[in-house]
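J.:
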Amino acid sequence: TTLEAPSGKKVDAWMGIPYAQPPLGPLRFRHPRPAERWTGVLNATKPPNSCVQIVDTVFGDFPGATMWNPNTPLSEDCLYINVVVPRPRPKNAAVMLWIFGGSFYSGTATLDVYDHRTLASEENVIVVSLQYRVASLGFLFLG
């Protein structure tokens, strides 16, 4: 998918590429399993689900708080990467891996404040981001 950055520059984006099997059912509290192969063309044109987490409602609709809440549907099926490349494609560009923060209990790679289009187009880097499980579904330790 070709997207336009706020500056008007163009980028190519592939969003929602699976890197692991959905951690559902018996895989819920297990280490991620490699993604299964797919046949045909993978539709990588829309942002992936955000991993299940508690949404902050303490401050109501205050933009300074809600801007950190997930902006895509919450789901346990959330282990995906996104790749954004500037146009024209640079030769020998650096690859920036973005791992969002959130104190291990919240966050998502798709937040508007993490504008991959701007990072890729203005800094001429390839931006890779990933969704990962947070809170007890991602970091629970029982032993």
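Be aware that the sequence shown starts at 6, since it is given in our numbering, and climbs by one per residue. The beta carbon of each residue, even a glycine, is placed where N, CA and C say it ideally should be. Computed from a prediction, not measured in an experiment: that's the story for all the values here.
1) Quick one: using the 10 Å Cβ neighbour count with 16 as the cut-off for buried, is residue 60 buried or exposed?
2) Can you have a look at residue 72 and say buried or exposed, based on whether 16 or more other CB atoms are within 10 angstroms of its CB?
3) Measuring CB to CB, does residue 27 end up less than 8 Å from residue 84?
4) What three-state label does DSSP hand residue 70 in the structure shown?
5) Give the DSSP-derived three-state secondary structure of residue 9 in the structure shown.
6) With distance defined between alpha-carbon atoms, name the residue in 103, 34 and 102 nearest to residue 143.
7) With respect to the alpha helix (DSSP H) encompassing residue 25, which residues constitute its N-terminal and C-terminal limits?
T.: So, to answer that:
1) Around the beta carbon of residue 60, a 10 Å sphere encloses fewer than 16 other beta carbons of the protein chains shown; the residue is thus reported as exposed.
2) Residue 72 counts as exposed, since fewer than 16 other beta carbons sit within 10 angstroms of its beta carbon.
3) For the pair residue 27 and residue 84, the CB atoms are nearer than the 8 Å cut-off.
4) Three-state result, residue 70: helix.
5) Strand, per DSSP.
6) Nearest option by C-alpha distance: 34.
7) In the DSSP annotation of this structure, residue 25 is not part of any alpha helix (DSSP H), being labelled neither H nor E.
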